[in-house]
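Trainee: When the letters of the sequence shown are read in order and numbered with the working numbering, they come out as residues 153 to 705.
For every residue, glycine included, the Cβ atom is placed at its ideal position computed from N, Cα and C.
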Amino acid sequence: MERSHHPRTTDVLTKLPGFASLFAIAAGLIVILGWSLGLPELTRMIPGFAPAPLRAGATMVLCGVALWLVRDADAGTFRRFLSASLAVPVAAVSLIAIGEPITGSTIDWARLGSRVGGVPGLTETLPVNSAWGYLLTAVAVWTLCFRTLSRSRAPQWIGLAIFLTGFFALVGRAFGVSAFYSPMPGLPMSLWTMVTLQLLGVGVVFARRWFGFSALLMDKGPGGKLARRLLPPAIAMPFVVGWTALIFERAGVYGTEVGSSFFAVTIVLAFTWMVMRAARAVQRADAERLAVLGREQHEREVAELALVTAEKASLAKSDFLAVMSHELRTPLTAIMGYEELLADGITGPINPQQAQQLSRIKASAQHLLGLIDEILTFSRIEAGRETIRLEIADVNRIIEDSANLVAPLADEKKLGFVVHLLDPPRFMRTDAVKVRQMIVNLLTNAVKFTETGTVSVRAATSGQNVEIAVHDTGIGIAEENLDKVFDPFWQVEQKATRRAGGTGLGLTVTRRLARLLGGDVSVQSSMGEGTTFTITIPGLANPTPPAVPTTPT
């Protein structure tokens with residue numbers, strides 16, 4: 153990919169406060185050096201301009217350092233205090249220069265210079281317009297030092313005033329309007345001050361750039377791009393064209409009428425070019441916006457199509473599982489029926505070895521039937537076909553029935569098996585078959601993954617909810633997998649599950665059945681210490697069993 157050698161405009165704008173500060177410091181040091189070495193060309197910047205007074209040089213340095221300290225919004229308390237302190241002498245020198253012509257009283261700078269070692273250039277008077285620009289800079293620095301004021305528009309408006317002070321003087325000097333650059337005869341603003349004030353003004357504006365017109369220029373959207381393209385030529389073109397026309401007119405190339413006409417035609421052409429450039433930028437931004445909208449619309453359509461396809465695939469998968477499970481269940485039922493006939497000796501006596509083999513057939517068939525039932529239940533839930541049959545049921549009876557089904561498995565592994573029932577018994581309005589299925593799933597899992605110790609089931613009530621907790625002392629579940637155990641088929645990939653067998657749907661079915669009844673299943677576990685699954689089911693009924701209707705005799 154080709155790399156651009158030009159920095160982004162917004163990056164340049166963020167660096168303007170620092171650049172303005174460094175320029176003011178450098179300009180002030182050059183002026184001070186020029187007076188110290190007796191090199192007046194250094195104090196003029198360009199031959200033909202008025203020299204910058206020594207006080208102007210010192211003021212530039214102070215203003216630059218003060219702005220540098222608070223150029224960022226995250227300036228600490230010490231930096232803000234030091235910046236405000238540096239602004240004090242700037243304001244003092246500026247107020248003295250403004251007040252001298254008003255009050256008519258002047259400071260004997262010559263005597264002061266002799267007292268401090270005969271500093272050269274100290275007697276040079278600071279022009280009033282220069283002093284006004286530096287005073288505004290000191291005020292702007294103070295606003296940046298106070299967090300409340302720095303979040304207002306005050307720094308931006310003051311920064312704009314500082315910029316215009318230097319810009320007016322520069323325009324006046326270019327067009328020969330002495331009132332703009334030298335409001336007091338004989339005291340013109342130096343070129344160093346003109347440029348420094350303009351940069352300091354821009355630096356103050358962009359020191360807090362998250363609102364106002366600086367935020368517009370920093371905006372990366374179409375508005376910001378348009379403003380950044382139009383503002384520089386809008387400022388520079390009238391100045392350059394007008395100054396060029398004036399130079400040719402003064403040189404006698406043409407008269408005032410021709411000069412005015414040349415200025416008007418050139419400005420019209422320049423602004424026409426700017427308008428066309430802006431229109432092209434807006435057109436390009438609009439095309440980019442439409443392209444983005446088109447891509448987003450296409451992505452939405454693709455996502456919707458993928459969702460519909462996934463839903464169809466899921467439905468097809470559920471239908472396939474349901475059909476397959478039914479087809480498997482039919483011959484399996486026949487196998488179990490024939491096994492019972494053989495075991496009962498209907499077709500003739502069997503020997504002990506045959507009885508043992510029939511017993512294994514029966515156990516395997518029952519295991520396979522349980523797996524098929526899990527798949528069927530999962531398929532019905534996925535397809536939204538699982539129905540609820542509400543009835544008033546005894547909580548203790550549901551738990552006892554479930555425990556009786558799983559207790560033989562625990563006995564085979566020589567595990568402790570503990571059942572804690574409600575005392576007194578309570579009744580709930582729910583689908584007892586589904587609650588029993590959930591408890592059996594959890595108890596079966598607990599026995600399956602417990603090699604030594606105890607499996608227990610405990611019932612409790614909480615408000616109108618029944619809480620049934622199944623605890624084991626088995627291998628436990630890693631913390632990062634606690635949310636995954638309820639995912640369909642997740643356990644199939646786990647080593648422990650492959651060793652114990654199962655589809656990996658038991659916990660998925662349990663949670664979905666619980667939520668179908670308005671409840672949920674939660675899990676707590678620690679590796680090597682065991683696991684507790686808790687079923688919460690709403691619908692707790694009256695504490696007494698429902699009345700049984702009697703038949704009159």
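If you follow the alpha helix (DSSP H) that residue 346 is in, where does it begin and where does it stop?
Mentor: Here residue 346 is taken as the residue at index 194 of the sequence shown, counted from 1. Membership of residue 346 in the alpha helix (DSSP H) is indicated by the continuous run 343-357.
Trainee: By Cβ distance below 6 Å, which residues in the same chain neighbour residue 180 in space, the five residues on each side in sequence not counted?
Mentor: Against the sequence shown, residue 180 aligns to sequence position 28. Excluding positions up to five away in sequence, the list reads 209, 212 and 213.
Trainee: Round the Cβ separation of residue 313 and residue 351 to the nearest angstrom and send it over; I've been treating them as touching at under 8 Å.
Mentor: Locating residue 313 in the sequence shown gives position 161, counting from the first residue. Locating residue 351 in the sequence shown gives position 199, counting from the first residue. Between residue 351 and residue 313 the Cβ distance is about 14 Å, and since that is not below 8 Å, they are no contact.
Trainee: Can you give me the C-alpha to C-alpha distance between residue 765 and residue 566, rounded to a whole angstrom?
Mentor: Nothing can be reported for residue 765: it is not among the residues displayed for the chain, which extend from 153 to 705.
Trainee: Taking 7 Å as the limit between beta carbons, can you name the residues of its chain near residue 235, skipping five residues before and five after?
Mentor: Stepping through the sequence shown from its first residue, residue 235 is reached at position 83. Closer than 7 Å at Cβ, skipping near neighbours: 218, 221, 222, 293 and 297.
Trainee: Looking only at C-alpha atoms, which of 659, 328 and 604 sits nearest to residue 597?
Mentor: Translated into positions along the sequence shown, residue 597 becomes position 445. Answer by Cα proximity: 659.
Trainee: According to DSSP, simplified to helix, strand and coil, what is residue 679?
Mentor: For the purposes of this step, residue 679 is identified with residue 527 of the sequence shown, where counting begins at 1. Coil at residue 679, not helix or strand.
Trainee: Taking the alpha helix (DSSP H) that residue 173 belongs to, which residues open and close that run?
Mentor: For the purposes of this step, residue 173 is taken as residue 21 along the sequence shown, with counting starting at 1. Per DSSP, residue 173 belongs to the alpha helix (DSSP H) from 168-189.
Trainee: Short of 8 Å in beta carbon distance, which residues of its chain neighbour residue 247, apart from the five on each side in sequence? Order them along the chain.
Mentor: Along the sequence shown, read from residue 1 onward, the residue named residue 247 stands at position 95. For residue 247, where only same-chain residues beyond five positions count, the Cβ hits under 8 Å are 283 and 287.
Trainee: Locate the alpha helix (DSSP H) running through residue 591, then write down its first and last residues.
Mentor: On the sequence shown, residue 591 is found 439 positions in, with the first residue counted as 1. Counting along the chain, the alpha helix (DSSP H) containing residue 591 begins and ends at 584-600.
Trainee: What distance in whole Å lies between the Cβ atoms of residue 577 and residue 546, which are believed to be in contact at a cut-off of 8 Å?
Mentor: Taking the first residue of the sequence shown as 1, we reach residue 546 at position 394. Taking the first residue of the sequence shown as 1, we reach residue 577 at position 425. About 6 Å separates the beta carbon of residue 546 from that of residue 577, a gap short enough to meet the 8 Å contact definition.
Trainee: Is the number of C-beta pairs between the region 340-349 and the region 358-370 that are closer than 8 Å three or more?
Mentor: no
Trainee: According to DSSP, residue 430 sits in a beta bridge with which residue or residues?
Mentor: Walking along the sequence shown from the start, residue 430 turns up at place 278. In DSSP, residue 430 forms no bridge with anything.
Trainee: Return the first residue and the last residue of the alpha helix (DSSP H) that residue 569 is part of.
Mentor: Working through the sequence shown from its first residue, we reach residue 569 at position 417. Per DSSP, residue 569 belongs to no alpha helix (DSSP H); it is in the beta strand (DSSP E), 568-572.
Trainee: Comparing alpha-carbon positions, which option in 346, 353 and 280 lies nearest residue 335?
Mentor: Numbered from 1 along the sequence shown, position 183 holds the residue referred to as residue 335. If we check each option's Cα against that of residue 335, 280 comes out closest.
Trainee: My understanding is that residue 687 touches residue 580, with C-beta atoms under 8 Å, so please give their C-beta distance in whole angstroms.
Mentor: Residue 687 sits at position 535 when you count from the first residue of the sequence shown. Residue 580 sits at position 428 when you count from the first residue of the sequence shown. Going by Cβ atoms, the distance from residue 687 to residue 580 rounds to 12 Å, so no, they are not a contact pair.
Trainee: Just checking, does the region 667-683 make contact with the region 625-640 on the three C-beta pairs under 8 Å criterion?
Mentor: yes
Trainee: How is residue 340 classed by DSSP in three states: helix, strand or coil?
Mentor: As a first step, residue 340 is located in the sequence shown; it is residue number 188 there, counting from the start. Shown here, residue 340 sits in coil according to DSSP, grouped into three states, outside any helix or strand.
Trainee: In or out: residue 428 buried (at least 16 other Cβ within 10 Å) or exposed?
Mentor: Against the sequence shown, residue 428 aligns to sequence position 276. Exposed, by the Cβ-count rule.
Trainee: What are the boundary residues of the beta strand (DSSP E) that includes residue 624?
Mentor: If you number the sequence shown from 1, residue 624 lands on position 472. Unbroken beta strand (DSSP E) run through residue 624: 617-624.
Trainee: By the DSSP assignment, the beta strand (DSSP E) with residue 609 in it spans what residues?
Mentor: Counting from one through the sequence shown, the residue named residue 609 turns up at place 457. First-last of the beta strand (DSSP E) with residue 609: 606-614.
Trainee: What is the DSSP secondary structure of residue 579, counted as helix, strand or coil?
Mentor: To locate residue 579, count along the sequence shown from 1; it is residue 427. The answer is strand: DSSP assigns residue 579 an E or B state.
Trainee: Between the Cα of residue 589 and the Cα atoms of 508, 558, 568 and 600, which residue gives the shortest distance?
Mentor: The residue given as residue 589 occupies position 437 in the sequence shown. Checked all of 508, 558, 568 and 600; the closest Cα to residue 589 is 558.
Trainee: Less than 7 Å between the beta carbons of residue 320 and residue 353, yes or no?
Mentor: By one-based count along the sequence shown, residue 320 stands at place 168. By one-based count along the sequence shown, residue 353 stands at place 201. Taking 7 Å as the cut-off, the beta carbon of residue 320 is found no closer than this to the beta carbon of residue 353.
Trainee: Looking at the structure shown, is residue 691 part of a helix, part of a strand, or coil, going by DSSP?
Mentor: Here residue 691 refers to the residue found at position 539 when the sequence shown is read from its first residue. In this structure, DSSP gives residue 691 a state outside helix and strand, which the three-state scheme calls coil.
Trainee: In terms of residue numbering, what span does the beta strand (DSSP E) encompassing residue 545 cover?
Mentor: Reading the sequence shown from its first residue, position 393 is the one you call residue 545. Segment 543-546, the beta strand (DSSP E) holding residue 545.
Trainee: Output the boundary residues of the alpha helix (DSSP H) element that contains residue 282.
Mentor: Counting from one through the sequence shown, the residue named residue 282 turns up at place 130. Unbroken alpha helix (DSSP H) run through residue 282: 280-297.
Trainee: Tell me whether residue 391 sits in a helix, a strand or coil according to DSSP, three-state version.
Mentor: The residue you call residue 391 lines up with position 239 of the sequence shown. Three-state DSSP puts residue 391 in a helix.
Trainee: Run the CB neighbour count on residue 193, radius 10 Å, all protein chains shown included, and call it buried at 16 or more, exposed below.
Mentor: Taking the first residue of the sequence shown as position 1, residue 193 is located at position 41. Flag for residue 193 reads exposed.
Trainee: Identify which residue in 543, 672, 621 and 400 has its Cα closest to the Cα of residue 594.
Mentor: Residue numbering aside, residue 594 sits at position 442 when the sequence shown is read from its first letter. Cα-wise, what sits closest to residue 594 is 621.
Trainee: Per the DSSP calculation, residue 672 is bridged to which residue(s)?
Mentor: Start at 1 with the first residue of the sequence shown, and residue 672 comes out as number 520. Note: residue 672 sits in a beta bridge opposite 688.
Trainee: Which word fits residue 331, buried or exposed, when buried means at least 16 other C-beta atoms lie within 10 angstroms of its C-beta?
Mentor: In the sequence shown, residue 331 corresponds to position 179, counting from 1. When all chains shown are included, residue 331 counts as exposed.
Trainee: Mapping DSSP to helix, strand and coil, what is residue 719?
Mentor: Since the displayed the chain opens at 153 and closes at 705, residue 719 lies outside it and no answer follows.
Trainee: Roughly how many angstroms lie between the CA atoms of residue 550 and residue 556, to the nearest whole one?
Mentor: Residue numbering aside, residue 550 sits at position 398 when the sequence shown is read from its first letter. Residue numbering aside, residue 556 sits at position 404 when the sequence shown is read from its first letter. Taking the straight line joining both Cα atoms gives about 10 Å.
Trainee: By how many angstroms is the C-alpha of residue 413 removed from the C-alpha of residue 426?
Mentor: In the sequence shown, residue 426 corresponds to position 274, counting from 1. In the sequence shown, residue 413 corresponds to position 261, counting from 1. Roughly 20 Å between the two C-alpha positions.
Trainee: Cα separation between residue 165 and residue 397?
Mentor: For this step, residue 165 is matched to residue 13 along the sequence shown. For this step, residue 397 is matched to residue 245 along the sequence shown. Each residue's alpha carbon lies about 32 Å from the other.
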